[in-house]
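Asker: Before I ask anything, let me first share the structure, which is written out below as structure tokens.
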Amino acid sequence: MSQLTHINAAGEAHMVDVSAKAETVREARAEVLVLMQPETLQMIMEGSHHKGDVFATARIAGIQAAKRTWELIPLCHPLMLSKVEVNLEAEPDHSRVRITTLCRLTGKTGVEMEALTAASVAALTIYDMCKAVQKDIVIDQLRLISKSGGKSGDFQAVTHD
Numbered sequence: 019m020s021q022l023t024h025i026n027a028a029g030e031a032h033m034v035d036v037s038a039k040a041e042t043v044r045e046a047r048a049e050v051l052v053l054m055q056p057e058t059l060q061m062i063m064e065g066s067h068h069k070g071d072v073f074a075t076a077r078i079a080g081i082q083a084a085k086r087t088w089e090l091i092p093l094c095h096p097l098m099l100s101k102v103e104v105n106l107e108a109e110p111d112h113s114r115v116r117i118t119t120l121c122r123l124t125g126k127t128g129v130e131m132e133a134l135t136a137a138s139v140a141a142l143t144i145y146d147m148c149k150a151v152q153k154d155i156v157i158d159q160l161r162l163i164s165k166s167g168g169k170s171g172d173f174q175a176v177t178h179d
């Protein structure tokens, strides 16, 4: 098993020094599911929510969150992201929204946390916009789907549903 990278020899949390690492193209994808009542999902799909376009707002929130991950997660590096993509797909047969994110850069550290943060905040934004009509919305199965680039190599999650 690999060692924790954010813990030094004395057992203290520290920011990883990436100055000696080579710059490579790095990419990460994440996803999360937002489960809700069929009526709530229908309202989102029809665009009849009194707060406006839920998907557009969640998409912008996810993009903003990816760009500010370093301010939210201790020990994350500030990154110059070259691409942030937040996709929201209504899945009426399962009464849910599937959010998938993609973050990319050419740099010295990965973008997994940025992809996960984008997915999380997009999901939280859906909850925030819909809580007046349904308080028991469930945010479920947040996970890293894939990553590429960097010293640790590529990763691809096993798909399940």
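The sequence shown begins at 19 in the numbering used here and counts up by one.
Virtual Cβ for every residue (Gly too), placed ideally from N, Cα, C.
Note that the coordinates shown come from a computational prediction; the quantities given were computed from them, not determined experimentally.
Give the C-beta separation of Leu90 and Ala133 to the nearest angstrom, bearing in mind that I take them to be a contact with Cβ-Cβ under 8 Å.
Answerer: About 13 Å; that fails the 8 Å criterion.
Asker: Quick check on Glu49: buried or exposed, where buried means 16 or more other Cβ atoms within 10 Å of its Cβ?
Answerer: Looking at its Cβ environment, which holds 16 or more other Cβ atoms inside 10 Å, Glu49 is buried.
Asker: Considering Cα atoms alone, identify which of Val36, Asn105 and Ala40 is closest to Val115.
Answerer: When each option's Cα is compared against that of Val115, the closest is Asn105.
Asker: Taking the Cβ atom as the reference point for each residue, do Gly125 and Glu41 lie within a distance shorter than 8 Å?
Answerer: Yes.
Asker: Using only CA atoms, which one of Ala31, Val43 and Thr58 lies nearest to Asp168?
Answerer: Note that residue 168 corresponds to Gly in the displayed sequence, not to Asp. It is Val43 whose Cα lies nearest to the Cα of Gly168.
Asker: Opposite Cys94 in the DSSP bridges: which residues?
Answerer: Paired residue(s): none; Cys94 is not in a bridge.
Asker: Pairing CB atoms from the region 58 to 65 with CB atoms from the region 74 to 87, are three or more of them under 8 Å?
Answerer: Touching, no, given that fewer than three Cβ pairs across the two stretches are closer than 8 Å.
Asker: Thinking C-beta only, is Ser113 closer than 8 Å to Met33?
Answerer: Not closer than 8 Å, so no.
Asker: Going by DSSP, what residue range makes up the alpha helix (DSSP H) through Ser138?
Answerer: First-last of the alpha helix (DSSP H) with Ser138: Glu130 to Cys148.
Asker: Whose CA, out of Phe173, Glu107 and Gly128, lies closest to the CA of Val72?
Answerer: Measuring from the Cα of Val72, the nearest candidate turns out to be Glu107.
Asker: Is DSSP giving Gly80 helix, strand or coil here?
Answerer: In this structure, Gly80 counts as helix in the three-state DSSP scheme.
Asker: Taking Ser166 as the reference, give the member of Cys94, Met147, Gly128 and Asp146 with the closest Cα.
Answerer: Answer by Cα proximity: Gly128.
Asker: Just checking my contact of Lys101 with Cys121 at CB under 8 Å: how many whole Å lie between their CB atoms?
Answerer: The Cβ separation is near 7 Å, so the contact holds.
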